[in-house]
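Residue numbers (the working numbering): 258 to 666.
As structure tokens, then:
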């Protein structure tokens, strides 16, 4: 009985801690920079820690600090709450919880009356309640996972569209603006706006680390003049304004000789501005607070009923076998299955945190260092048209000299 009192006190402390944290998280939700959905009871079960320090990309020391990795739930957390079932077993698995003498505990007497109806009825009620919640939870968590993956794919699709818009604007500038230092500068601005859009998605657009990163790539020049003249919070939009304003100036000076060419450039700038506006928009690409909280509460109560049911069931087993249940394989098999059930539910609910921002340095994120290097190379080559244009002159038609050379080859 002394051990039972000790285990019961420990169990009450854990349960009290879980429910207090859950109630606090429900009424005071936190919105971290890497996750936007309501905190719920399941948040108390899952390790939500994500390093929010500076990013560190593989292609050079862009930022100093820890890498932003996917959260790795601790196995201790996966085992801690299933152990509540074991503690509940050790609290209730004694004779004081089974006033009707005799084993097995859940039996009927000669008058077909159920024995130990308190514990046996509680076990049956928890079992039926878990079955009902399990069906509802499967529907809710399935839709939540599908929605999370679709939002993750939408952000990656937007990134692909942005890369295509960058290539399009580079081609338009290279073909419609005559060769000059201004043309090279405008193409550098295209890459600058592109990198600023990615930095905004990473939460680093207005930081000194972001500025150092752009300077290390060679896309930010002017000795700080360009950086200082950008609108804070909309630096990438400022760059698109520079490109369009320079196009208008070149048209007014007669360097760009057609209004149609100016219109083409302006349309390309408008297109890339829209696709780079906010890659991590929380207005239309985040789960609703009410929806995510509902999912978390549903999953949490399903897990709680499972833990309580198994604790009472194991207590009956403990009483029936006089504590020798731990020498039987079914006890260990059932414990392992409970841990697996709990782990899977945690991972399914936690998937929105792992897939929320695809613009980090993880393997499952977009390979921006590779794609960005390719776009910078394209801008450099197109800025020097003679290096990538096969024939001299205009129109792309080979001259008679080139025809003779090709025939001789």
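From the three backbone atoms N, C-alpha and C, an ideal C-beta is built for every residue, glycine too.
Exercise for the section: Could you check if residue 396 is buried or exposed, using at least 16 other CB atoms within 10 Å of its CB as the buried criterion? Expected result: What you label residue 396 is simply residue 139 of the chain shown in a count that begins at 1. With fewer than 16 other Cβ atoms within 10 Å, it is exposed.
Problem - CB contact flag (residue 445, residue 476, <8 angstroms) - result: In the chain shown, residue 445 corresponds to position 188, counting from 1. In the chain shown, residue 476 corresponds to position 219, counting from 1. Contact flag set, yes.
Exercise for the section: Indicate the three-state DSSP secondary structure (helix, strand or coil) for residue 395 in the structure shown. Expected result: As a working mapping, residue 395 is identified with position 138 in the chain shown. DSSP places residue 395 in helix when its eight states are reduced to three.
Practice task
Note down, in chain order, each residue of its chain lying with its Cβ closer than 7 angstroms to the Cβ of residue 342, except the 5 sequence neighbours on either side.
Solution key: Taking the first residue of the chain shown as 1, we reach residue 342 at position 85. Once the five neighbours on either side are set aside, the close Cβ partners of residue 342 are 564, 567, 568, 571, 595.
Problem - Residue-chain proximity (residue 377, chain D), Cβ-Cβ < 8 angstroms - result: No chain D is part of this structure, which consists of one protein chain only.
Practice task
With DSSP as the reference, label residue 478 as helix, strand or coil.
Solution key: On the chain shown, position 221 is the one that residue 478 refers to. Residue 478: coil per DSSP, three-state reduction.
Exercise for the section: Starting from the Cα of residue 504, find the closest Cα among 544, 573, 434, 591 and give me that residue. Expected result: Position 247 of the chain shown, counted from the first residue, corresponds to residue 504. Per the Cα distances, 434.
Handout entry: residue 448 beta carbon less than 8 angstroms from that of residue 440
Key = If you number the chain shown from 1, residue 440 lands on position 183. If you number the chain shown from 1, residue 448 lands on position 191. Contact: no.
Handout entry: Backbone CA spacing between residue 411 and residue 382 [nearest angstrom]
Key = If you number the chain shown from 1, residue 411 lands on position 154. If you number the chain shown from 1, residue 382 lands on position 125. Roughly 43 angstroms separates the two Cα atoms.
Handout entry: Coarse secondary structure for residue 354, derived from DSSP in three states
Key = As a working note, residue 354 is residue 97 in the chain shown. Reduced to three states, the DSSP call for residue 354 is helix.
Problem - Limits of the unbroken alpha helix (DSSP H) element including residue 618 - result: Indexing the chain shown from 1 puts residue 618 at position 361. Judged by DSSP secondary structure, residue 618 falls outside any alpha helix (DSSP H); it is assigned neither H nor E.
Practice task
Return the first residue and the last residue of the alpha helix (DSSP H) that residue 563 is part of.
Solution key: Reading the chain shown from its first residue, position 306 is the one you call residue 563. 546–577 is the span of the alpha helix (DSSP H), which, as asked, contains residue 563.
Handout entry: Alpha-carbon to alpha-carbon, residue 457 and residue 496
Key = Residue numbering aside, residue 496 sits at position 239 when the chain shown is read from its first letter. Residue numbering aside, residue 457 sits at position 200 when the chain shown is read from its first letter. Answer to the nearest angstrom: the Cα atoms are 14 angstroms apart.
Exercise for the section: Take the Cβ of residue 352 as the centre, count every other Cβ of all protein chains shown within 10 Å, and call the residue buried at 16 or more, exposed below. Expected result: Residue numbering aside, residue 352 sits at position 95 when the chain shown is read from its first letter. With fewer than 16 Cβ atoms within 10 Å of its Cβ, residue 352 is classed as exposed.
Problem - the stretch 608–626 / the stretch 356–366 touching (three or more Cβ pairs under 8 angstroms) - result: no
Practice task
Specify the secondary structure class of residue 313 as computed by DSSP and reduced to three states.
Solution key: The residue given as residue 313 occupies position 56 in the chain shown. Any answer about residue 313 is weak, because its pLDDT of 31 lies below 50 and its placement is not dependable; what the coordinates show is given next. Three-state DSSP puts residue 313 in coil, outside helix and strand.
Exercise for the section: Determine the DSSP secondary structure at residue 422, reduced to helix, strand or coil. Expected result: Counted from its first residue, the chain shown places residue 422 at position 165. Here residue 422 sits in helix by DSSP.
Practice task
Could you tell me which residues DSSP puts in a beta bridge with residue 630?
Solution key: Within the chain shown, residue 630 is the residue found at index 373, counting from 1. According to DSSP, residue 630 bridges with nothing at all.
Handout entry: Reduced DSSP category for residue 523 - H, G, I as helix; E, B as strand; rest coil
Key = As a first step, residue 523 is located in the chain shown; it is residue number 266 there, counting from the start. It is helical.
Exercise for the section: Would you check if the distance between the CB atom of residue 597 and the CB atom of residue 588 is smaller than 8 angstroms? Expected result: Start at 1 with the first residue of the chain shown, and residue 597 comes out as number 340. Start at 1 with the first residue of the chain shown, and residue 588 comes out as number 331. No.
Practice task
Specify, as a first and last residue, the run of the alpha helix (DSSP H) that residue 338 falls within.
Solution key: Locating residue 338 in the chain shown gives position 81, counting from the first residue. Element bounds for residue 338: n/a, residue is neither H nor E.
Problem - At least three beta-carbon pairs within less than 8 angstroms, the stretch 412–421 to the stretch 529–537 - result: yes
Exercise for the section: Give every residue of the same chain whose Cβ lies closer than 6 angstroms to the Cβ of residue 349, excluding the five residues on either side of it in the sequence, and list them in chain order. Expected result: As a position in the chain shown, residue 349 is number 92, starting the count at 1. Within the same chain, residue 349 has close Cβ partners 572.
Practice task
Using a threshold of 8 angstroms, state whether the C-beta atoms of residue 626 and residue 405 are closer than that.
Solution key: Reading the chain shown from its first residue, position 369 is the one you call residue 626. Reading the chain shown from its first residue, position 148 is the one you call residue 405. No, the Cβ-Cβ distance between residue 626 and residue 405 is not below 8 angstroms.
Problem - residue 527 versus residue 398: straight-line alpha-carbon distance, rounded - result: Within the chain shown, the letter at position 270 stands for residue 527. Within the chain shown, the letter at position 141 stands for residue 398. Their Cα atoms are separated by approximately 39 angstroms.
Handout entry: Coarse secondary structure for residue 250, derived from DSSP in three states
Key = An answer regarding residue 250 cannot be provided, because it is not within the stretch 258 to 666 covered by the chain.
Handout entry: Spatial neighbours of residue 450 in its chain, beta-carbon cut-off 6 angstroms, leaving aside the 5 residues before and after
Key = Locating residue 450 in the chain shown gives position 193, where the first residue counts as 1. For residue 450, where only same-chain residues beyond five positions count, the Cβ hits under 6 angstroms are 493, 496, 497.
Problem - Endpoints, the alpha helix (DSSP H) within which residue 596 is located - result: For this step, residue 596 is matched to residue 339 along the chain shown. Start and end: 586–611.
Exercise for the section: Report yes if the C-beta distance between residue 474 and residue 452 is below 8 angstroms; otherwise report no. Expected result: As a first step, residue 474 is located in the chain shown; it is residue number 217 there, counting from the start. As a first step, residue 452 is located in the chain shown; it is residue number 195 there, counting from the start. Cβ distance < 8 angstroms, so residue 474 and residue 452 count as in contact.
Practice task
Could you tell me if residue 394 is buried or exposed, where buried requires 16 or more neighbouring beta carbons within 10 angstroms of its beta carbon?
Solution key: Within the chain shown, numbered from 1, the residue matching residue 394 stands at position 137. Buried, by the Cβ-count rule.
Handout entry: Buried versus exposed call for residue 459 [16 or more other C-beta atoms within 10 Å across all chains shown]
Key = One-based indexing of the chain shown puts residue 459 at position 202. Burial call: buried.
Practice task
Answer yes or no: do residue 623 and residue 413 have a C-beta to C-beta separation smaller than 8 angstroms?
Solution key: Locating residue 623 in the chain shown gives position 366, counting from the first residue. Locating residue 413 in the chain shown gives position 156, counting from the first residue. Between residue 623 and residue 413, the CB-CB gap stays under 8 angstroms.
Practice task
Look at residue 427 and residue 636 and say whether their C-beta atoms are less than 8 angstroms apart.
Solution key: Translated into positions along the chain shown, residue 427 becomes position 170. Translated into positions along the chain shown, residue 636 becomes position 379. Yes, these two residues count as a Cβ contact at 8 angstroms.
Practice task
Identify whether residue 459 lies in helix, strand or coil by the three-state DSSP scheme.
Solution key: The residue labelled residue 459 in the question sits at position 202 within the chain shown. Coil.
Handout entry: Rounded C-alpha distance that separates residue 614 from residue 461
Key = Numbered from its first residue, the chain shown carries residue 614 at position 357. Numbered from its first residue, the chain shown carries residue 461 at position 204. Each residue's alpha carbon lies about 13 angstroms from the other.
Exercise for the section: Tell me whether residue 528 sits in a helix, a strand or coil according to DSSP, three-state version. Expected result: In the chain shown, counting from the first residue as 1, residue 528 sits at position 271. DSSP places residue 528 in helix when its eight states are reduced to three.
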